[in-house]
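**Q** Numbering (this note's numbering), first residue to last: 6 to 450.
Ideal Cβ placement from N, Cα and C applies to all residues, glycine included.
What follows is a single structure, and I will ask about it in a moment.
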Ligand SMILES: [Fe+2]
């Protein structure tokens, strides 16, 4: 569906239809309306147990961790290690994106996309990145927290959702170790050697400027990621991705490992220590001294100040103290993560949400028409008429809508996320009605 036209449909004869779709987002207060069906889908504990048992094997730690990338191919190794495809439906991801607020970034052909409604953005070819995505989805949150407690102190997730034929990720490396878990669709990855193993934040390549060509070696791995696959990229290895005619959703589980070293932690410990309340007055004076020096006398004073700071620090520094302070910092980070998650999950949706187990039908008295693979859908009620430009991929979905309630998951659409987006927009436009799962027409939402 062409989104620009969706945002401004021409509705000369249907004034009672609400033109502007409700802004994607949740109002504050109350529990989430309609949690996804818990039923038999794996939760965070099961997801983490499977990942830990079948991916983080002794062989992985010995041969791959912070040494060499690893592609776990579900087609040959089985689906047991990555349970996210079983755990997350398209409507879970719609719910996650809707809750994500400023953590959502949308891009169209590599450039930032300012579209406010992510449903419109996706249908118009925008790819999405949701940072700190664990805050917006219970099972991903639980997975990250258990994984952090088992191995990594602190873990966070990033969602990468791309429609078919969208922009690729250009070559770069990261200062973090990452696990990529493919949830649906397909994406092609190319991995190249790390110009430098274990880079720090300021040593990353390809973020602001292209990677210098002399640092780009021949690919060491090149493959498609399919649903159930897992890719481990140690920090420093160059990587790039290319999309195909398929949509793609992967979740990156990230460990901020460049922080987990003595160099960084000693600096943080020093900063924390010299800003503590109980430091001696000479250290307070020293830490507040300006950085300018244009005379020998001032140089001498500054030297004394620096010595005061180091003497104070040296008198208190210990391995146990640094480690304890590190654990405390990680504890505070994890507490903040928990607070943010609880707050995000307490928001409730402003309107009923389309889910795969609910049923939809055309609004009473509305009929619709479009050609097979057509690019326009026409909705009529009495003498009123509304034309919506659509993508040809949505034509069969639109054509299947009738006055009879049908389960969302039974309606034809190759891209299940596109199906949720189209139906949610039609619901927001009052063209379709939504019914609770397994109920009849009297349980209209
Ligand atoms: Fe990356």
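As a quick exercise: from 113, 78, 45, pick the residue whose alpha carbon is nearest that of residue 94.
**A** It is 45 whose Cα lies nearest to the Cα of residue 94.
**Q** Looking at ligand 1, does it come within less than 7 Å of residue 116, judged from the CB to the closest heavy atom?
**A** Residue 116 Cβ: outside cutoff for every heavy atom of ligand 1.
**Q** Roughly how many angstroms separate the alpha carbons of residue 141 and residue 182, rounded to a whole number?
**A** The straight-line gap from Cα to Cα measures roughly 22 Å.
**Q** Expressed to the nearest angstrom, what Euclidean distance is found between the alpha-carbon atoms of residue 353 and residue 434?
**A** Using only the alpha carbons, I get a separation of about 20 Å.
**Q** How big is the Cα-Cα spacing for residue 69 and residue 396?
**A** Cα to Cα, residue 69 sits roughly 43 Å from residue 396.
**Q** Within 10 angstroms of its Cβ, does residue 454 collect 16 or more other Cβ (buried), or is it exposed?
**A** Because the chain in this structure spans residues 6 to 450, residue 454 falls outside the shown range and cannot be described.
**Q** Would you mind sorting residue 145 into buried or exposed? The rule is 16 or more other CB atoms within 10 Å of its CB.
**A** Residue 145 comes out buried.
**Q** Quick check: what's the CA-CA separation for residue 123 versus residue 85?
**A** So the two alpha carbons sit approximately 32 Å from each other.
**Q** Measure the alpha-carbon distance for residue 65 versus residue 424 and round it to whole angstroms.
**A** One C-alpha to the other measures close to 38 Å.
**Q** Does the separation of the CB atoms of residue 98 and residue 166 fall below 8 Å?
**A** Yes.
**Q** Rounded to a whole number of angstroms, what is the C-alpha to C-alpha distance between residue 305 and residue 286?
**A** Their Cα atoms are separated by approximately 19 Å.
**Q** If you drop the 5 nearest sequence neighbours on each side, which residues of the same chain put their C-beta closer than 8 Å to that of residue 198?
**A** Correct list, in chain order: 222, 225, 242, 243.
**Q** Short check: CB of residue 232 to CB of residue 417, under 8 Å?
**A** Not closer than 8 Å, so no.
**Q** Smallest Cα separation from residue 260: which of 170, 314, 163, 189?
**A** Minimum Cα distance to residue 260 is reached at 163.
**Q** What's the gap between the Cα of residue 60 and the Cα of residue 361?
**A** Cα to Cα, residue 60 sits roughly 30 Å from residue 361.
**Q** Between the stretch 387–403 and the stretch 309–323, do at least 3 Cβ pairs fall closer than 8 Å?
**A** No contact exists between the stretch 387–403 and the stretch 309–323.
**Q** Can you tell me whether residue 192 is buried or exposed, with buried defined as 16 or more other CB within 10 angstroms of its CB?
**A** Buried, because 16 or more other Cβ atoms sit within 10 Å of the Cβ of residue 192.
**Q** Confirm, please, whether the CB-CB distance from residue 184 to residue 265 is below 8 Å.
**A** It is not a contact, given that the beta carbons lie outside the stated cut-off.
**Q** Using 10 angstroms around the beta-carbon of residue 215, count the other beta-carbons present and answer buried if the total reaches 16, otherwise exposed.
**A** Exposed, because fewer than 16 other Cβ atoms sit within 10 Å of the Cβ of residue 215.
**Q** If you draw a straight line from the C-alpha of residue 52 to the C-alpha of residue 291, how long is it?
**A** Cα to Cα, residue 52 sits roughly 51 Å from residue 291.
**Q** In this structure, what does DSSP give as the bridge partners for residue 192?
**A** Answer is 230, bridged to residue 192.
**Q** In chain order, what residues have a CB nearer than 6 Å to some heavy atom of ligand 2?
**A** The model on display carries ligand 1 but not ligand 2.
**Q** What did DSSP end up calling residue 395 once you bin it into helix, strand or coil?
**A** Three-state DSSP puts residue 395 in coil, outside helix and strand.
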